[in-house]
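A.B. asks: Let me begin by handing over the structure; questions about it come next.
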Amino acid sequence: MSTTLRGNWNYPTTIWAGPGRIAELADACARTGMKRPLIVTDEGLIGASMIRNALAAVKDSALFGAVRGNPALSHVEAGFRAYCAGGHDGVVAFGGGSALDTGKVVAFMSGQTRPLWDFEDIGDWWTRADPAGIAPVIAVPTTAGTGSEVGRAGVILNEETHQKKIIFHPQMMPRIVISDPELTVGLPPGVTAATGIDAFVHCFEAYCAPGFHPLADGIALEGMRIIHRFLPQAYADGKNIEARAQMLAAASMGATAFQKGLGGVHAIAHPVGSWFNTHHGLTNAVILPYVMIFNRRAIEDKADVISRVLDLPTRGFDGFLAWVLDMRRQLKIPHSLADIGVTVDKAAIIGREAAIDPSASGNPIPVDAAQLEHIFRAAVAGKLGAVDAAA
Ligand SMILES: [Zn+2]
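Per this note's numbering, the very first residue in the sequence shown carries number 689; after that it's consecutive.
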């Protein structure tokens, strides 16, 4: 079976996919010219055998493992200090989305002279960067969700303003991705579910975002088909290598597709994550159906296509929504934001910040702060019926 799950892909970057491919990490470092890489990982993975093996396999590498969920400027700065102190020449970003984003941003900042927030994804701010000062990155995802391994940005929390900022540069795209499903078999079911639905939401929001981008649409549809088929299997049996390999591919597909845009789910999930420190994928998984109902009149046709691609028993928007709700139940995703510790006292702020989140501009219906606050309140209360489809 493993030979069929193996492949070398060249878009959107070089991806070495297949069980056991982590054995090629030293080769990947040599190909990208890294002699002394800094391995950036999540604090929860510091003692893991996969990290010990990587340190042993790559001579002269060192570890930076102080990355937590929703990484902030302080994590990037600590990583940057470790990078400079060790005289490193590249980054192996090894872990979940937080480690990948932090590793990519540390490599990006390694040769810049301006402060991090000068490179927020606004207009052409990325052209302020000195491209010669961007160190190479090898990405090794250990979750199948964010797809940050094939993204050109990192999301970093500004602790002073409580806002998540997107740091973007085309050269932040990792040079090589090692997509090894054996690294994800230890993920607990809850993390498998949350990250897997994040990947689904990437595909779904990209597909529903307005704009002419058939390349992204095609990748998004196939990504959703794969997740529909394999996420329940990966959740039920974490050691199912085929399901894990398919989910890793689908996660990369989601992030590839969302170059087209995201939408209201991510626009709300970002400030919720900033204020309540909730897990990004889990937050999206809870919010998804509320935003779907709000967007209903704009996405009926697209929901029908999705329902046919997924071969759902009931076609159209209603069949698709029923499946989303059923999948959430099956994967034990809570139905309300209150269930994950979110309260309405910040509702006005969440609405305002969601409206200026870059994801909001990809929503199929233009949304303002009041509408986003309304959706957020319904999601906190767990009342799908409280969402008025946009007039
Ligand atoms: Zn996401």
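All C-beta atoms, glycine included, are put in the ideal place defined by N, C-alpha and C.
(1) Mind checking which residues open and close the alpha helix (DSSP H) that includes A937?
(2) Is the separation between the beta-carbon of Y771 and that of V794 shorter than 7 Å?
(3) Under three-state DSSP, which class holds N846?
(4) For N696, I'd like the list of residues in its chain whose CB is within less than 8 Å of its CB, leaving aside the five on either flank, ordered along the chain.
(5) Applying the criterion that 16 or more other CB atoms from any shown protein chain within 10 Å of the CB defines a buried residue, is G721 buried or exposed?
(6) Just to confirm the assignment, what range does the alpha helix (DSSP H) spanning V1068 have?
(7) Please determine, among A943, G874, L909 and P959, the residue with the shortest C-alpha to C-alpha distance to G926.
(8) At 4 residues or longer, what runs of the alpha helix (DSSP H) sit wholly inside the region 729 to 780?
(9) Looking at C-alpha atoms only, which residue of A718, P959 and I864 is the closest neighbour of I854?
(10) Roughly how many angstroms lie between the CA atoms of Y699 and D1033, to the nearest whole one?
(11) On the three-state DSSP scale, how would you describe S786?
(12) Rounding to the nearest angstrom, what Cα-Cα distance links F964 and G1039 in this structure?
(13) Rank P725, A881 and T815 by C-alpha distance to the C-alpha of P824 and give the top, closest one.
(14) Would the beta-carbon of V889 fall within 7 Å of that of L976?
(15) Across which residues does DSSP place G695 in a beta bridge pair?
(16) Measuring straight from C-alpha to C-alpha, what distance separates A1066 and V979?
(17) Could you pull the DSSP bridge partners for K1020 from this structure?
(18) Does DSSP put F888 in a helix, in a strand, or in coil?
(19) Between the region 883 to 902 and the region 1047 to 1063, do at least 3 Cβ pairs fall closer than 8 Å?
(20) Return the first residue and the last residue of the beta strand (DSSP E) that I864 is part of.
(21) Alpha carbon to alpha carbon, how far is H1023 from G1070?
(22) Figure out for me which residue from N758, A744, P707 and K723 has the closest Cα to the Cα of D730.
(23) Considering Cα atoms alone, identify which of T971, V1012, S786 and A973 is closest to A991.
(24) When every heavy atom of ligand 1 is checked, does at least one fall within less than 6 Å of the C-beta of D730?
(25) Run through DSSP, which three-state label would V873 get?
(26) Between the C-alpha atoms of V1068 and I1021, what's the straight-line distance to the nearest angstrom?
(27) For Q921 and chain B, any beta-carbon pair shorter than 7 Å?
(28) Extract the residue ranges of the alpha helix (DSSP H) inside the region 944 to 970, only unbroken runs of 4 or more that lie entirely within it.
(29) Compute the minimum distance between the beta carbon of D886 and the heavy atoms of ligand 1, and state whether it is under 6 Å.
(30) So the alpha helix (DSSP H) V993 belongs to, where does it begin and stop?
(31) Taking the alpha-carbon of A973 as reference, which of S962, A817, A887 and G835 has the nearest alpha-carbon?
(32) At the level of alpha carbons, what is the spacing between N846 and R840?
(33) Am I right that P869 and A933 are in contact with their C-beta atoms under 8 Å? What's the rounded C-beta distance?
(34) V828 and L761 look like a contact to me (Cβ under 8 Å); what is the Cβ gap, rounded to whole Å?
(35) Once the 5 residues before and after R802 are set aside, which same chain residues still bring their CB inside 7 Å of it?
C.D. replies: The relevant details are as follows:
(1) Looking up residue 937 in the sequence shown gives position 249. Start and end: I929 to A945.
(2) The residue you call residue 771 lines up with position 83 of the sequence shown. The residue you call residue 794 lines up with position 106 of the sequence shown. Cβ distance < 7 Å, so Y771 and V794 count as in contact.
(3) Your numbering for residue 846 matches position 158 in the sequence shown. In the structure shown, N846 sits in a strand (DSSP, three-state: E or B).
(4) Residue mapping note: residue 696 aligns to position 8 of the sequence shown, counting from 1. The residues are T702, I703, W704 and A705.
(5) Taking the first residue of the sequence shown as position 1, residue 721 is located at position 33. Exposed is the call here.
(6) The residue you call residue 1068 lines up with position 380 of the sequence shown. Residues A1057 to A1069.
(7) Sequence index remark: in the sequence shown, residue 926 carries index 238 (1-based). Measuring from the Cα of G926, the nearest candidate turns out to be G874.
(8) Listed in chain order, the complete alpha helix (DSSP H) runs (minimum 4 residues) inside the region 729 to 780 are 737 to 745 and 761 to 773.
(9) As a first step, residue 854 is located in the sequence shown; it is residue number 166 there, counting from the start. Residue P959 is the option with its Cα nearest to I854.
(10) Sequence index remark: in the sequence shown, residue 699 carries index 11 (1-based). Sequence index remark: in the sequence shown, residue 1033 carries index 345 (1-based). So the alpha carbons of these two residues sit roughly 44 Å apart.
(11) Within the sequence shown, numbered from 1, the residue matching residue 786 stands at position 98. In the structure shown, S786 falls within a helical segment according to DSSP collapsed to helix, strand and coil.
(12) The sequence position of residue 964 within the sequence shown is 276, counting from 1. The sequence position of residue 1039 within the sequence shown is 351, counting from 1. F964 and G1039: Cα-Cα distance of roughly 14 Å.
(13) By 1-based counting over the sequence shown, the position of residue 824 is 136. Checked all of P725, A881 and T815; the closest Cα to P824 is P725.
(14) To locate residue 889, count along the sequence shown from 1; it is residue 201. To locate residue 976, count along the sequence shown from 1; it is residue 288. Cβ atoms of V889 and L976: closer than 7 Å.
(15) Here residue 695 corresponds to residue number 7 of the sequence shown, with the count starting at 1. In the DSSP output, where bridge partners are listed per residue, G695 has A705.
(16) Position 378 of the sequence shown, counting from 1, holds the residue named residue 1066. Position 291 of the sequence shown, counting from 1, holds the residue named residue 979. Whole-angstrom Cα-Cα distance: 10 Å.
(17) To locate residue 1020, count along the sequence shown from 1; it is residue 332. Beta-bridge pairing links K1020 to no other residue.
(18) Residue mapping note: residue 888 aligns to position 200 of the sequence shown, counting from 1. In this structure, F888 counts as helix in the three-state DSSP scheme.
(19) yes
(20) Position 176 of the sequence shown, counted from the start, is the residue given in the question as residue 864. Note, I864: beta strand (DSSP E), I864 to S867.
(21) Taking the sequence shown and counting its residues from 1, the one referred to as residue 1023 is at position 335. Taking the sequence shown and counting its residues from 1, the one referred to as residue 1070 is at position 382. For H1023 and G1070, the distance between alpha carbons rounds to 6 Å.
(22) Within the sequence shown, the letter at position 42 stands for residue 730. Closest by alpha carbon: N758.
(23) As a first step, residue 991 must be located in the sequence shown, where it is residue number 303. The shortest Cα separation from A991 among T971, V1012, S786 and A973 belongs to V1012.
(24) Mapped onto the sequence shown, residue 730 falls at position 42. Result no, Cβ not under 6 Å from ligand 1.
(25) On the sequence shown, position 185 is the one that residue 873 refers to. Coil at V873, not helix or strand.
(26) Along the sequence shown, one-based indexing puts residue 1068 at 380. Along the sequence shown, one-based indexing puts residue 1021 at 333. The alpha-carbon atoms of V1068 and I1021 are separated by roughly 14 Å.
(27) The structure shown contains no chain B; it holds only a single protein chain.
(28) The region 944 to 970 contains these whole alpha helix (DSSP H) runs: 952 to 964.
(29) The count along the sequence shown starts at 1 and reaches residue 886 at position 198. Flag set: Cβ of D886 near ligand 1.
(30) Taking the sequence shown and counting its residues from 1, one reaches residue 993 at position 305. Taken as a continuous stretch (DSSP letters only), the alpha helix (DSSP H) holding V993 covers R984 to V997.
(31) Residue mapping note: residue 973 aligns to position 285 of the sequence shown, counting from 1. For A973, the nearest C-alpha among the options comes from A887.
(32) Within the sequence shown, residue 846 is the residue found at index 158, counting from 1. Within the sequence shown, residue 840 is the residue found at index 152, counting from 1. Straight-line Cα distance between these residues: approximately 19 Å.
(33) For the purposes of this step, residue 869 is identified with residue 181 of the sequence shown, where counting begins at 1. For the purposes of this step, residue 933 is identified with residue 245 of the sequence shown, where counting begins at 1. 4 Å between Cβ atoms; contact.
(34) Mapped onto the sequence shown, residue 828 falls at position 140. Mapped onto the sequence shown, residue 761 falls at position 73. Contact doesn't hold; Cβ gap of about 24 Å is too wide.
(35) The residue given as residue 802 occupies position 114 in the sequence shown. Spatial neighbours of R802 in its own chain (CB-CB distance under 7 Å, excluding positions within 5 residues in sequence) are listed in chain order as R816.
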